[in-house]
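Take a look at the structure set out below.
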Amino acid sequence: MKRRLAILGSTGSIGTQALEVVNEHPDLFEVYALTANNQVDLLINQARKFIPEIVVIANESKYPELKEALEDLPIKVWAGTNAITQMVQMEPIDMVLTAMVGYSGLQPTISTIKAGKAIALANKETLVVAGELITTLAMEHKVPILPVDSEHSAIFQCLAGEWENQVEKILLTASGGPFRAFTMDQLAKVTKSEALKHPNWSMGAKVTIDSASMMNKGFEMIEAKWLFGLSPDQIEVLVHPQSIIHSMVQFEDGAIMAQLGVPDMKLPIQYAFSYPKRLKSSFERLDFRTCTSFTFEQPDMNRFRNLAFAFEAIRTGGNMPCILNAANEIVVAAFLQESTGFLQMSEIIEETMQKATFIAKPVYEDYVASDREAREIAMNLLKK
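Using the working numbering, read the sequence shown as starting at 9 and increasing by one per residue.
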């Protein structure tokens, strides 16, 4: 039986690579549904190639173009964010890959869990915003959450067969981004085009900026806390510029296990799709004849304050990570529009965390309200 997949965010970096994995194993995987936010042309091409049962465009203004382009095919064409939330509940779907960007992934993930579908999680913001709610729901509905981020997949792979052994800590590796050696003066002058040039990974614009500011690593730390049931003190961030060791696990006897590979997201995507099996692939292999040096550094949280904010947010708990994420989404969008500076992003995030209403034990409606309030505060700060 083929595993039937719904790919949320199929036109993004993770989504397009997921379809490459499906294309490599057409006997094992079948695309049941594809969704995108705005990229209607690419979505049309994907739909014509994979002939899914359902295609959804979140931006309803793009619906007529999508509908017309697929009229000759037996594909249901829907539009709107509510349609995505409803689609993931459909009975034939076996697994949902959540590769949407940012807060938009929260509601579809909740809907997927309540429908009892396995989740391949690439939308880290879901656990950043509402980690306690999501993990509680997943346990209640007995839904597996399989990590797709390379770092969390690495930890997951290191833990395979070790579930009964106590983890002392995990070492979450980070490339350090393009500016790891920059001074504060240099960071103050960073441009959008410079920030979008990641030294190792090819990613979407938002996550590339997050990587440059190290907010991405802060989000991954929060995600790891919820995925693996750890405290923030059990998560150490380690800068590894080569991006070959994707993360490590240290057990209570002192042994450290690591997962290595070239910087390519297709392997962790495929592992999530096929777990517990490993599938033969044509992906690039790591060649130790050319990869001869691994180096490690401690992250500088004075220059890259966003990482410090992430630790502060998860230690504070409640809705603070939700506030952090909302403020970050606003400032990254502003930076990409060249209406704020690289260092100003951190200043606005810090002030938003100070001004937003703190809720110690939030429910879903509180997360929605906190997201809205934090965005409003950050937007107003940008106008100053």
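Ideal Cβ positions, reconstructed from N, Cα and C, are used throughout, including at glycine.
Here S183 carries a coil assignment [DSSP, helix/strand/coil]. As summarised for the stretch 198-226, there are no continuous beta strand (DSSP E) elements at least 3 residues long confined to that stretch. About 5 Å separates the CB atoms of G212 and G20; that is less than 8 Å, so the two are in contact. In its chain, beyond the 5 residues on either side, V270 and D272 have a beta carbon closer than 8 Å to the beta carbon of E292. Inclusion of A126 and P152 in the CB contact set at 7 Å is warranted, their separation being smaller than that value. Under the DSSP definition of a beta bridge, W86 partners with V64. In the DSSP assignment, I101 falls outside any alpha helix (DSSP H), carrying neither H nor E.
DSSP places L195 inside the alpha helix (DSSP H), whose first and last residues are M192 to L195.
Within the stretch 282-367, complete alpha helix (DSSP H) segments of at least 4 residues are found at 313-324, 328-344 and 350-363, given in chain order.
Comparing alpha carbon positions, the residue from V198, K122 and F164 closest to S347 is V198. For S255, the uninterrupted beta strand (DSSP E) run begins and ends at I253 to F259, by DSSP. Around the beta-carbon of H160, 16 or more other beta-carbon atoms lie within 10 Å, marking it buried.
Here the alpha carbon of E320 sits roughly 26 Å from the alpha carbon of L344. Secondary structure of A130 (DSSP, three-state): coil. By the Cβ test, the stretch 241-248 is in contact with the stretch 172-183, since at least three Cβ pairs between them sit closer than 8 Å. A Cβ-Cβ distance of about 7 Å is found for the pair A318 and F227, placing them in contact under the 8 Å criterion.
Per the DSSP secondary-structure output, A41 pairs in a beta bridge with A14 and I62.
Per DSSP, reduced to three states, the secondary structure at M265 is strand. Per DSSP, P155 lies in no alpha helix (DSSP H) segment; the continuous beta strand (DSSP E) that holds it begins and ends at I153 to P155.
Proximity of the stretch 323-330 to the stretch 373-381 meets the contact definition, three or more beta-carbon pairs being nearer than 8 Å. By the neighbour-count criterion, in which a residue is buried when 16 or more other Cβ atoms sit within 10 angstroms of its Cβ, P276 is buried.
Counting the other CB atoms within 10 Å of its CB gives E133 a total of 16 or more, which places it among the buried residues. Note that the stretch 57-70 touches the stretch 40-49; at least 3 beta-carbon pairs, one per stretch, sit closer than 8 Å. The beta carbon of T360 is closer than 6 Å to those of A335, A382, I385 and A386 in its chain, skipping five residues each way along the sequence. Rounded to the nearest angstrom, the gap between the Cα atoms of I121 and A14 is 13 Å.
A distance below 7 Å separates the beta carbons of V109 and K214. Judged by DSSP secondary structure, V245 falls within the beta strand (DSSP E) whose first and last residues are I243 to V247.
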